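Novice: Got a structure here, written out as structure tokens. Questions coming.
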Amino acid sequence: MPLDHRRLRGPEESQPPEVWAAAAGAGGAAAAEEEEAAAAAAAEEARDPCALRPLFARAGLLSQAEGSAYVELGGGTKVLCAAWGPREAAAEPGGGAAAGGRLVCEFRRAPFAGRGPRAAAGREAEREAAAALREALEPAVRLARYPRARLAVSALLLQDGGSALAAAVSAAALALADAGVEMYDLAVGCALCRPPGAAAAWLLQPSEPEERRAAARLTVALLPSLNQVSGLLGGGQGGPPDSWAQALRLGLDGCHRLYPVLRQSLLRAARRRAAPSTA
Amino acid sequence: MASVVLSEAEKLYIVHGVQEDLRVDGRGCEDYRCAEVETDVVSNTSGSARAKLGHTDILVGVKAEMGTPKLEKPDEGYLEFFVDCSANATPEFEGRGGEELGTEIANTLYRIFSSESCVDLKSLCINPREHCWVLYVDVLLLECGGNLFDAISIAVKAALFNTRIPKVRVLEDEEGSKEIELSDDPYDCIRLNVDEVPCVVTLSKIGYRHVVDATLQEEACSLASLLISVTSKGALTCMKKVGKGSLDPESIFEMMETGKRVGKSLHTSLQKILDEEESLGTTRQKVGFLG
Amino acid sequence: MAPPARYCVPGERLCSTGEASAGSGTYTRHGFIFASLAGCLEKRNEESGLPVVSVVRDAESQLLPDVGAVVTCKVCSINSRFAKVHILYIGSTPLKSTFRGTIRREDIRATEKDKVEVYKSFRPGDIVLAKVISLGDAQSNYLLSTAENELGVVVARSEAGAQMVPISWCEMQCPRTHTKDFRKVARVQPEFLQT
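Protein chains in written order, with the working numbering: chain A, -7 to 271; chain B, 112 to 402; chain C, 3 to 197.
In structure tokens form, the structure reads like this:
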């Protein structure tokens, strides 16, 4: 039976029940919330701020894409990335970019990626993330080798468990390398956040609840062998530059520690690619 | 963005000049160009300002409108940013050409103002869950001469300083229905506290050094720049790398220190100008934009 | 080849430029050679001078038409000023996606350029060997030339549908109907004849 998709069978605006839960049961819910906050604070106490979440990376798993990678962080962030090698660039209105190639990045959140209601309004945030992704990857790719061509990367966030953009940067770099695109270096992403409170320390690779409550967030992308920062995006409650500098140092250290995992997965993919012909 | 064509020799000249702390227009690496700020330039707004930084000219209008608070924050108003890259600035902005840059700038502004302490959003609430003030901040680029972000943030701060929101009272009758009453006195209005509103300082890496307030020519020589927003107390609220290149960690630390120093003095001089303008009141001679 | 092949990832430092010279899939920076591809490391000894270090992927590499490359293309449309083609191969490597190119009238042959007529040189559907002379600017795409004896039409079909046989540098004949057609015929070099 054909469905009438244009007619909405529901209220025009739907709201997540969590918003109302807190206000409705002023006593019980508020207490529960407080308890939750206290529990979170206790967990924070217990958490080592320098601890990295376990990272799983695998390159070269999509059969149709030229290069692909999947990165999962312990705690539920799952990003799938696909990359396509040089293609003919469509005529640009601006022209100008004849000297080198263009890197086109896309970042998408699956509609069910986040907690709460099914988000369709994330378009603006997606575009910002895509721009940040491009900025983090551009210095890593040898675009001068691809005159008049277009390289495409698309990242799909399957589940947002915190540090999503950082995971996307790592996955996209892996996918590009897996596609055989010439690069100066891999890019490794790492996220940090600082919980509210004056003396709070920066936490490496925050989980989604930590990220939601955070007063400040920062995502760093590093080219580890060249020791160059390719991406930096952060904001939040003002802190003195020293605090941010400390965060940056911690983030860079995190990137350096993540790098071997990514490198291993890429080597494994390269071996797998080579295996059919040599063995 | 508006682009200039530079030959290799011209680039080398600029890079070498920066190395010697002497820029093409005679400034040092940490000097701003001469800035002009004027508030209350458009009468149909709640607050407006125009900032001119060298050849960069920005007009900002703030309109306060009533809206419903966001669900997550029922007792706060909010700010909306729109950036219009008009074709006056450069022909590339014609049609949809400036859209991408416009959204990028707007996103950056949202990020800068995401910190809770920037503007007291609670004062914009009229009654929780139902009514609040929404400040629409419209940014118009009249001329692009490099360093857009800094000029925009100066203009936005000045416009917010200038913003006057009429006072309203909520009257509740016996049945519980609410009525909003606007104050009769046009001078009875809320002013925003802009002490904590940050300014953006963009540091462009040229050669081995970094400069603030780069001109278009200098921007063409720079592969990567660091954009940081600094409050008047020297706290950083936003940090972002822009451009195609990468930065090495040591220079980022240096840039943050420079940014803080420069940002603080920028705030001091801006506040001085704003207070001066305020004290002149209606006797002030208006220059008008592009004047 | 030594059995434990070394694999590397982009950004890995391979050796200093004093020990070897950089081959494909590598770049040099601060006097060192770095890998720029994920693949297998290969060191080839040259008779003279330093060995060449390169990183190879045996999967098809990501090629782009470059100035001076000989490409195989298919004519998709012609008019009195130029022929539009799709580039299918670079040398003997097939491309994953086609690139559009243009052969202008004055680039069809080397002599008597003013007397050239496009429709007497190419027809849509012809397979042509050509050389890339420019990457073009913002508006145009790759510019190709067939102004050499070895470049031009290699495969063409007659109106009857049979594959035509070249009879001179400017004519081809249909083996079925014996009608003659004008083409800018390539003298195909023996090294390109594989099948």
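Yeah, the Cβ is synthetic: ideal placement off N, Cα and C, and Gly gets one too.
Please read all numbers here as calculations on a predicted model, not as lab measurements.
Quick one: what does DSSP say V322 (chain B) is sitting in, helix, strand or coil?
Specialist: In the second sequence, counting from the first residue as 1, residue 322 (chain B) sits at position 211. DSSP places V322 (chain B) in strand when its eight states are reduced to three.
Novice: Touch check for the region 35 to 49 of chain C and the region 88 to 108 of chain C: three-plus C-beta pairs under 8 Å?
Specialist: no
Novice: Which value, in whole angstroms, describes the spacing of the CA atoms of F311 (chain B) and V323 (chain B)?
Specialist: The sequence position of residue 311 (chain B) within the second sequence is 200, counting from 1. The sequence position of residue 323 (chain B) within the second sequence is 212, counting from 1. First, the residue type needs correcting, since residue 311 (chain B) is Val and not Phe in the sequence shown. Cα-Cα distance, rounded: 11 Å.
Novice: Taking its Cβ as the centre, do 16 or more other Cβ atoms sit within 10 Å of S56 (chain C), making it buried, or is it exposed?
Specialist: Along the third sequence, read from residue 1 onward, the residue named residue 56 (chain C) stands at position 54. With 16 or more other Cβ atoms within 10 Å, it is buried.
Novice: Which residues, taken in chain order from the region 130 to 164 of chain A, show a beta carbon closer than 7 Å to some beta carbon of chain B?
Specialist: E130 and P131
Novice: Which of the three DSSP states is assigned to H166 (chain B) in this structure?
Specialist: Start at 1 with the first residue of the second sequence, and residue 166 (chain B) comes out as number 55. If DSSP states are grouped into helix, strand and coil, H166 (chain B) belongs with coil.
Novice: Locate the beta strand (DSSP E) running through K278 (chain B), then write down its first and last residues.
Specialist: For the purposes of this step, residue 278 (chain B) is identified with residue 167 of the second sequence, where counting begins at 1. Run containing K278 (chain B): none; DSSP gives neither H nor E here.
Novice: Below 8 Å, can you find three or more Cβ-Cβ pairs linking the region 75 to 86 of chain C to the region 147 to 160 of chain A?
Specialist: no
Novice: For the putative contact between F36 (chain C) and G13 (chain C), defined by C-beta atoms under 8 Å, what is the C-beta separation to the nearest angstrom?
Specialist: Taking the third sequence and counting its residues from 1, the one referred to as residue 36 (chain C) is at position 34. Taking the third sequence and counting its residues from 1, the one referred to as residue 13 (chain C) is at position 11. Indeed, because the Cβ distance is near 6 Å, the residues count as touching under 8 Å.
Novice: Would you kindly check if the distance between the Cβ of Q56 (chain A) and the Cβ of S226 (chain B) is under 7 Å?
Specialist: Mapped onto the second sequence, residue 226 (chain B) falls at position 115. Mapped onto the first sequence, residue 56 (chain A) falls at position 64. No, Cβ-Cβ distance for S226 (chain B) and Q56 (chain A) is not below 7 Å.
Novice: Measuring straight from C-alpha to C-alpha, what distance separates L410 (chain B) and D186 (chain B)?
Specialist: Because chain B spans 112 through 402 in this model, residue 410 (chain B) falls outside it and cannot be assessed.
Novice: Quick one, which of A:E98, A:C97, A:G92 and A:E80 has its alpha-carbon nearest R102 (chain C)'s?
Specialist: Translated into the one-based positions of the third sequence, residue 102 (chain C) becomes position 100. With distances taken between Cα atoms, R102 (chain C) lies closest to A:E80.
Novice: Over what stretch of residues does the alpha helix (DSSP H) that includes M350 (chain B) continue unbroken?
Specialist: What you label residue 350 (chain B) is simply residue 239 of the second sequence in a count that begins at 1. Not the alpha helix (DSSP H): M350 (chain B) falls in the beta strand (DSSP E), residues L347 to G354.
Novice: Is there a Cβ of chain A sitting closer than 7 Å to that of A346 (chain B), yes or no?
Specialist: Residue 346 (chain B) sits at position 235 when you count from the first residue of the second sequence. So yes, A346 (chain B) belongs to the interface.
Novice: Check for me: the beta strand (DSSP E) holding I80 (chain C) runs from which residue to which?
Specialist: By 1-based counting over the third sequence, the position of residue 80 (chain C) is 78. I80 (chain C) -> beta strand (DSSP E) spans V72 to I80.
Novice: When burial is assigned at 16 or more other CB atoms within 10 Å of the CB, is Y298 (chain B) buried or exposed?
Specialist: The residue you call residue 298 (chain B) lines up with position 187 of the second sequence. Exposed: under 16 other Cβ atoms inside 10 Å.
Novice: Helix, strand or coil for M367 (chain B)? Go by DSSP, reduced to three states.
Specialist: Here residue 367 (chain B) is taken as the residue at index 256 of the second sequence, counted from 1. M367 (chain B) falls in the helix class under three-state DSSP.
Novice: Specify whether the region 241 to 259 of chain B and the region 314 to 334 of chain B touch according to this definition: at least 3 beta carbon pairs, one from each stretch, less than 8 Å apart.
Specialist: With a cut-off of 8 Å, the region 314 to 334 of chain B and the region 241 to 259 of chain B count as touching, because enough Cβ pairs lie within range.
Novice: Based on Cα-Cα distance, which residue from B:S376, B:G206, B:K268 and B:S362 lies nearest to L314 (chain B)?
Specialist: What you label residue 314 (chain B) is simply residue 203 of the second sequence in a count that begins at 1. Out of B:S376, B:G206, B:K268 and B:S362, B:S362 has the C-alpha closest to the C-alpha of L314 (chain B).
Novice: Is K371 (chain B) closer than 7 Å to G308 (chain B) when the C-beta atoms are compared?
Specialist: Residue 308 (chain B) sits at position 197 when you count from the first residue of the second sequence. Residue 371 (chain B) sits at position 260 when you count from the first residue of the second sequence. Looking at the sequence itself, residue 308 (chain B) is Val, so the reference to Gly does not match. Taking 7 Å as the Cβ cut-off, V308 (chain B) and K371 (chain B) do not qualify as a contacting pair.
Novice: Is the beta carbon of C247 (chain A) less than 7 Å from the beta carbon of A164 (chain A)?
Specialist: Against the first sequence, residue 247 (chain A) aligns to sequence position 255. Against the first sequence, residue 164 (chain A) aligns to sequence position 172. Not in contact: C247 (chain A) and A164 (chain A) (Cβ atoms no closer than 7 Å).
Novice: Please report whether the beta-carbon of E364 (chain B) lies at a distance below 7 Å from any beta-carbon of chain A.
Specialist: Along the second sequence, one-based indexing puts residue 364 (chain B) at 253. For the sequence presented, residue 364 (chain B) should be read as Phe rather than Glu. At least one chain A Cβ lies under 7 Å of F364 (chain B).
Novice: Would you list, in chain order, the members of the region 217 to 236 of chain A that have their beta-carbon closer than 9 Å to a beta-carbon of chain B?
Specialist: L218, N219, Q220, V221, S222, G223, L224, L225, G226, G227, G228, Q229, G230, G231, P232, P233, D234, S235 and W236
Novice: Got a sec? Which residues, its chain only, sit under 8 Å from R59 (chain C) by beta carbon, not counting five neighbours each side?
Specialist: Residue numbering aside, residue 59 (chain C) sits at position 57 when the third sequence is read from its first letter. Closer than 8 Å at the Cβ level, and outside the excluded window around R59 (chain C), lie G27, L39, A40, G41 and C42.
Novice: So with CB distances below 8 Å, who are the chain B contacts of R119 (chain A)?
Specialist: Start at 1 with the first residue of the first sequence, and residue 119 (chain A) comes out as number 127. Per Cβ cutoff of 8 Å: T214 and N218.
Novice: Nearest-angstrom Cα distance between V63 (chain A) and A160 (chain A)?
Specialist: Numbered from its first residue, the first sequence carries residue 63 (chain A) at position 71. Numbered from its first residue, the first sequence carries residue 160 (chain A) at position 168. Their Cα atoms are separated by approximately 8 Å.
Novice: Just how far apart, CA to CA, sit A272 (chain A) and G374 (chain B)?
Specialist: Outside the shown range of chain A, which is -7 to 271, sits residue 272 (chain A), and nothing can be said about it.
Novice: When Cβ atoms are compared, which residues of the region 165 to 191 of chain A fall closer than 8 Å to chain C?
Specialist: A169, D170, A171, G172, V173, E174, M175, Y176, D177 and L178
Novice: Mind checking R319 (chain B): buried by the 16 CB within 10 Å criterion, or exposed?
Specialist: Here residue 319 (chain B) refers to the residue found at position 208 when the second sequence is read from its first residue. Here residue 319 (chain B) is Tyr; the residue named in the question, Arg, does not match the sequence. Exposed, since its Cβ has fewer than 16 Cβ neighbours within 10 Å.
Novice: DSSP puts Q165 (chain C) in a beta bridge; with which residues?
Specialist: As a position in the third sequence, residue 165 (chain C) is number 163, starting the count at 1. For Q165 (chain C), which the question treats as bridged, DSSP gives the partners C:R159.
Novice: So which of B:S333, B:V250, B:V194 and B:L293 has the shortest CA-CA distance to V115 (chain B)?
Specialist: Your numbering for residue 115 (chain B) matches position 4 in the second sequence. When only C-alpha atoms are compared, the closest one is B:S333.
Novice: E183 (chain B) to R209 (chain A), Cα distance in whole Å?
Specialist: Locating residue 183 (chain B) in the second sequence gives position 72, where the first residue counts as 1. Locating residue 209 (chain A) in the first sequence gives position 217, where the first residue counts as 1. Approximately 19 Å, taken between the alpha carbons.
Novice: So which of A:P187, A:L178, A:G231 and A:D245 has the shortest CA-CA distance to R134 (chain A)?
Specialist: Within the first sequence, numbered from 1, the residue matching residue 134 (chain A) stands at position 142. Closest by alpha carbon: A:L178.
Novice: For P96 (chain C), which residues does DSSP report across the bridge?
Specialist: Along the third sequence, one-based indexing puts residue 96 (chain C) at 94. Answer is C:Y91.
Novice: For a contact defined as C-beta to C-beta under 7 Å, what are the partners of L80 (chain A) on chain C?
Specialist: For this step, residue 80 (chain A) is matched to residue 88 along the first sequence. In the sequence as displayed, the identity of residue 80 (chain A) is Glu instead of Leu. In chain order: S99, F101 and R102.
Novice: Short of 8 Å Cβ to Cβ, which residues in the region 21 to 51 of chain C face chain A?
Specialist: G27, Y29, R31, F36, S38, L39, A40, G41 and C42
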